[in-house]
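Numbering (my numbering), first residue to last: 608 to 999.
Put into structure tokens, the structure is as follows:
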């Protein structure tokens, strides 16, 4: 297996390289942002033919890498990197910057293992159209979505009554009742997963679970009403599917993203070309020494508290409305989370800010042009609310 890894210095990117190391895969292309220290170590180990860096550090990277790696081609465009030949393109870029490389890879006919949930959240119809045009395939990288994928393998979508995604509940699942005074430091202490700051805060607000609900519906061609959420503090059951006859299938295992990554990369070459086109993965060797993982302990399941965590309901609202609202929701959240981390707004201001933006989002059809327009508008409007204050 020869991989392209976009976002190689982030959490999913580095864990993808861990899996590649265990499996003996090669890496032909790396795309990173500004972390040249870690990228230099990755280039030294994997010897890719092409590396992409953020344009702001391109000159520094060129000066640093040209003598040490004379055969290396250095570019400043992850979208170009996504189209280069590879068995699987792993898109681990976070946020909206990962959208254009996803489109480009699919239009170039690549198999994409997708950890960039914003692609399916904001532009699902456009992404599937890109796959249809170019012959690309998609498999999600996510503990929940990979769990759903495994549960649906060999099943007919018309037999599915409900897909159930689990949420850890984040650091505030057991309190305090009043979340207005919680600090960024408290919100960043995720009880189950080690992730980047943005996704960790989204997990604390349950926005991440809301985005996953929207992504799940888009991936498997289901209405949002058939995608449910339960809080499962142990984070061992990752997803379940309830069938029309009342039976359930669940996928569970250790809280280790490398398992989901390995499954997604194995499945991607024969992956989905349209919603719900689920095909079994080609399974490789065990990852991370988990063959002896014990099935013991008490597992809990709770209803999510949407009064304390209104972001989940806002995601359902945007997903049900469709059109431009999912992109506006995502763009507003991209502003709200950094504003909270910088101390400009409170934790409970995050959903208030997002709701204000949704209330003002214009109706209209989704296209690549209108997607860019509404993202720019929602970003600017959210910044205006942060600067001017939410109480006015």
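From the three backbone atoms N, C-alpha and C, an ideal C-beta is built for every residue, glycine too.
All values derive from a computational prediction rather than experimental measurement.
Local Cβ density within 10 Å of residue i, reported as buried at 16 or more and exposed below that
| i | result |
| --- | --- |
| residue 954 | buried |
| residue 710 | buried |
| residue 916 | buried |
| residue 947 | buried |
| residue 686 | buried |
| residue 966 | exposed |
| residue 790 | exposed |
| residue 908 | exposed |
| residue 620 | buried |
| residue 830 | exposed |
| residue 911 | buried |
| residue 1006 | The question about residue 1006 has no answer here: the residues shown for the chain are numbered 608 through 999. |
| residue 898 | exposed |
Three-state secondary structure (DSSP) of residue i
| i | result |
| --- | --- |
| residue 839 | coil |
| residue 899 | helix |
| residue 774 | strand |
| residue 820 | helix |
| residue 686 | helix |
| residue 864 | helix |
| residue 890 | coil |
| residue 680 | strand |
| residue 880 | coil |
| residue 760 | coil |
| residue 621 | helix |
| residue 995 | helix |
| residue 713 | helix |
| residue 646 | helix |
| residue 802 | coil |
| residue 825 | helix |
| residue 986 | helix |
| residue 708 | helix |
| residue 812 | helix |
| residue 731 | helix |
| residue 957 | helix |
| residue 949 | coil |
| residue 572 | Residue 572 falls outside the range modelled here, since the chain spans only 608 to 999, and no answer is possible. |
Distance between beta carbons of residue j and residue i, contact taken as under 8 Å
| i | j | result |
| --- | --- | --- |
| residue 728 | residue 772 | Wrong, their Cβ atoms sit about 14 Å apart, outside the cutoff. |
| residue 869 | residue 719 | 16 Å between Cβ atoms; not a contact. |
| residue 683 | residue 660 | 6 Å |
| residue 865 | residue 622 | 5 Å |
| residue 725 | residue 741 | Wrong, their Cβ atoms sit about 20 Å apart, outside the cutoff. |
| residue 939 | residue 989 | 5 Å |
| residue 922 | residue 817 | 2 Å |
| residue 656 | residue 636 | 7 Å |
| residue 782 | residue 811 | Between residue 811 and residue 782 the Cβ distance is about 13 Å, and since that is not below 8 Å, they are no contact. |
| residue 838 | residue 780 | 6 Å |
| residue 848 | residue 770 | 6 Å |
| residue 608 | residue 694 | 5 Å |
| residue 658 | residue 679 | 6 Å |
| residue 944 | residue 809 | 7 Å |
Which residues DSSP lists as bridging residue i, in chain order
| i | result |
| --- | --- |
| residue 849 | 769, 855 |
| residue 721 | 698, 747 |
| residue 638 | 613, 659 |
| residue 599 | For the chain, the structure presents residues 608 to 999; residue 599 sits outside this window and is missing. |
| residue 844 | 859 |
| residue 633 | 609 |
Nearest to residue i (by Cα), restricted to the options the options
| i | options | result |
| --- | --- | --- |
| residue 877 | 994, 716, 649, 813 | 716 |
| residue 841 | 667, 821, 797 | 797 |
| residue 752 | 774, 930, 714 | 774 |
| residue 892 | 783, 873, 907 | 873 |
| residue 625 | 996, 993, 966, 896 | 896 |
| residue 926 | 731, 697, 634 | 731 |
| residue 937 | 968, 615, 638, 846 | 968 |
| residue 880 | 609, 825, 677 | 825 |
| residue 901 | 918, 862, 909 | 862 |
| residue 998 | 977, 761, 959 | 959 |
| residue 645 | 630, 629, 617 | 617 |
| residue 574 | 930, 993, 952 | What the structure shows of the chain is the stretch from 608 to 999, and residue 574 is not part of that stretch, so it cannot be assessed. |
| residue 903 | 914, 912, 859 | 859 |
| residue 690 | 957, 612, 678 | 612 |
| residue 634 | 649, 641, 964 | 649 |
| residue 975 | 734, 647, 721, 672 | 734 |
| residue 987 | 821, 942, 928, 763 | 942 |
| residue 631 | 640, 620, 610 | 610 |
| residue 629 | 721, 894, 668 | 894 |
| residue 932 | 821, 795, 766 | 821 |
| residue 668 | 640, 886, 737 | 640 |
| residue 627 | 708, 871, 952 | 871 |
| residue 767 | 785, 736, 828, 788 | 828 |
| residue 723 | 614, 673, 737 | 614 |
| residue 813 | 919, 681, 846 | 919 |
| residue 702 | 978, 757, 764, 806 | 806 |
| residue 834 | 788, 905, 755, 670 | 755 |
Distance cut-off 8 Å: residue i Cβ against heavy atoms of the ligand GDP
| i | result |
| --- | --- |
| residue 796 | Because no ligand of any kind appears in the structure shown, any question about the ligand GDP cannot be addressed here. |
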